[in-house]
């Protein structure tokens with residue numbers, strides 16, 4: 005399947021996971037299952053993309069220009085995008101789980117989920133700040 | 212004759228109010244990524260980094276709610292945690308977060324937050340004025356609880372300081388917001404006062420705003436004398452200082 009088409013599949017798949025997390029108070033266990041299953045599926049896709057395309061790709065991890073060169077290959081760039089999708093959602097699921105266990109209201113977590121969905125680490129930071137403010141905890 | 216000053220009773224009567232402490236912590240910690248942006252972003256707005264203004268607001272709001280948190284600790288447990296207070300402090304916290312998101316968002320887009328009346332920003336500016344008055348009203352709302360214990364110089368100082376913060380800030384800041392500039396006059400050289408960055412050349416309304424808002428810290432300091440008259444004098448003196456800096460700015464003159 006061409007990278008374009010896989011991209012069109014990966015995005016709604018991730019969105020499904022985020023919607024499940026947003027609505028998680030309705031069915032917490034089901035939401036967690038979806039929000040873990042989707043990153044695992046995306047991880048399968050990622051692994052396949054890397055196994056199939058890594059050898060043929062130029063560039064590497066050693067310098068910023070190397071990384072940019074890596075992303076010049078469409079399937080490798082897709083793998084990078086899927087990496088974001090998978091890990092962001094996994095982090096979102098962790099935030100929802102942690103908030104639930106520590107009694108943080110879901111509506112306060114929603115803006116953090118939104119930020120994680122759009123800007124990954126900024127959402128993680130926002131949740132860490134919220135969690136520290138309300139529970140004085142940082143460590144998992 | 213020796214001058215013996217009775218030490219003011221600084222007895223902490225309660226644990227920190229959960230909501231006030233939370234909004235203080237969150238406003239302070241949310242400044243951390245802004246400091247990173249300040250270091251990384253070369254864009255400037257009116258001669259300063261675009262991130263300087265958001266950082267100033269995070270600092271100011273942290274000091275504001277932090278001071279309120281400390282003051283509340285002087286009163287018995289639960290004074291500000293009845294259902295009505297919880298709702299009200301929740302609303303104030305929402306207004307504070309809305310302000311910093313608005314100011315930070317405008318900075319990220321490299322545009323003005325205050326005095327910006329273009330399209331949607333104009334609507335936001337009006338709403339944020341409402342939010343600013345709401346968040347400032349907390350100082351006035353908390354004042355009566357201290358006023359009831361005004362036989363203590365410290366309680367008197369806190370009550371007067373809180374009352375003045377609201378009563379002086381709202382007209383000064385209200386005038387500044389309708390002036391659509393913090394300057395009165397047009398700076399030519401751009402000379403500024405150190406640290407604060409206020410104009411040393413033309414009228415700058417931010418000076419009176421700053422002093423008005425900090426009445427709540429300045430007036431209670433007079434309670435260190437242990438003398439209620441000194442506290443009243445400090446409240447009067449601070450009011451005169453605010454009015455004087457306001458009048459100077461209105462005339463288009465720097466404070467000195």
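Residue numbers (the numbering used here), protein chains in the order written: chain A, 5 to 144; chain B, 212 to 467. Glycine included, every Cβ here is placed at the ideal spot set by N, Cα and C. Fair warning: this is a prediction, and the values are worked out from it, not measured in the lab.
Query                                                                                                                                                         : Result
Does DSSP classify residue 381(B) as helix, strand or coil?                                                                                                   : helix
Tell me the rounded alpha-carbon separation between residue 111(A) and residue 144(A).                                                                        : 21 Å
Quick one: any contact between the stretch 277-294 of chain B and the stretch 227-234 of chain B, if contact means 3 or more CB pairs under 8 Å?              : yes
I need the boundaries of the alpha helix (DSSP H) containing residue 297(B), first residue and last residue.                                                  : 294-319
In this structure, how does DSSP classify residue 28(A) when only helix, strand and coil are distinguished?                                                   : helix
Going along chain A, which residues have a C-beta under 7 Å from residue 233(B)?                                                                              : 137 and 138
DSSP three-state label for residue 415(B), please.                                                                                                            : strand
Could you say if the stretch 292-311 of chain B and the stretch 361-378 of chain B meet the contact criterion of at least three C-beta pairs nearer than 8 Å? : no
Any residues in the stretch 228-252 of chain B with a beta carbon nearer than 7 Å to a beta carbon of chain A? Which ones, in chain order?                    : 233, 236, 237, 240, 241 and 244
Contact criterion: CB-CB distance below 8 Å. Does residue 99(A) meet it with respect to chain B?                                                              : no
Report the partner residues of residue 394(B) according to the DSSP bridge assignment.                                                                        : 415(B)
For the alpha helix (DSSP H) containing residue 428(B), list its first residue and its last residue.                                                          : 426-432
So, at 8 Å on beta carbons, what are the nonlocal neighbours of residue 348(B) in its own chain, with the 5 sequence-adjacent residues on each side left out? : 303 and 377
Quick test of your reading: residue 90(A) and residue 47(A), contact by CB under 8 Å. State the CB separation rounded to the nearest angstrom.                : 5 Å
Count Cβ pairs between the stretch 328-339 of chain B and the stretch 358-377 of chain B that sit closer than 8 Å; are there 3 or more?                       : no
Hey, could you find the ends of the alpha helix (DSSP H) residue 286(B) is sitting in?                                                                        : Looking at the DSSP string, residue 286(B) is not in any alpha helix (DSSP H), and its letter there is neither H nor E.
Could you tell me which of 291(B), 233(B) and 465(B) sits nearest to residue 404(B), measuring between CA atoms?                                              : 465(B)
Between which two residues does the alpha helix (DSSP H) harbouring residue 109(A) extend?                                                                    : Looking at the DSSP string, residue 109(A) is not in any alpha helix (DSSP H), and its letter there is neither H nor E.
Please list the partners that residue 114(A) has in chain B, where partner means a Cβ-to-Cβ separation under 8 Å.                                             : The contacting residues do not exist; residue 114(A) stays about 13 Å from chain B at best.
Return yes when the Cβ of residue 233(B) is within less than 8 Å of the Cβ of residue 102(A), no when it is not.                                              : no
Looking at the strands, I want to know which residues DSSP matches up with residue 11(A).                                                                     : According to DSSP, which records beta bridges pairwise, residue 11(A) is partnered with nothing at all.
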